[in-house]
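With this note's numbering applied, the sequence shown covers 7 to 62. Please read the structure below before turning to the comments.
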Amino acid sequence: MLLTEPGIAADDATSTALLNCLIREVCAPEQQVRPEGAHLVARLPRAGVVLRTGLA
Numbered sequence: 007m008l009l010t011e012p013g014i015a016a017d018d019a020t021s022t023a024l025l026n027c028l029i030r031e032v033c034a035p036e037q038q039v040r041p042e043g044a045h046l047v048a049r050l051p052r053a054g055v056v057l058r059t060g061l062a
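In structure tokens, the structure reads:
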């Protein structure tokens, strides 16, 4: 999803921006992000929480 697409809802844009920030700042530095089929799996370091999101 591009945040510049016409007609994108504010909540979709906000969710995408927050997820990108979480992955960039928290998960990626600890190598806790991996593609898995049509999904992206991100593990929160030292928290034991795993997030799975669809790839566009």
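Think of the CB as a built atom: it goes at the ideal place given N, C-alpha and C, for glycine as much as any other residue.
When we look at the beta-carbon of residue i and count the other beta-carbons within 10 Å, is it buried (16 or more) or exposed?
{"i": "Ala48", "result": "buried"}
Is residue i helix, strand or coil by DSSP?
{"i": "Leu46", "result": "strand"}
{"i": "Pro41", "result": "strand"}
{"i": "Leu61", "result": "coil"}
{"i": "Pro35", "result": "helix"}
{"i": "Ile14", "result": "coil"}
I'd like to check one pair, residue j with residue i: are the Cβ atoms closer than 9 Å?
{"i": "His45", "j": "Leu24", "result": "no"}
Just grab the DSSP bridge partners of residue i for me.
{"i": "Val55", "result": "Leu50"}
Is the region 42 to 60 touching the region 23 to 34 in the sense that three or more CB pairs, one from each, lie closer than 8 Å?
Yes: at least three Cβ pairs fall under 8 Å.
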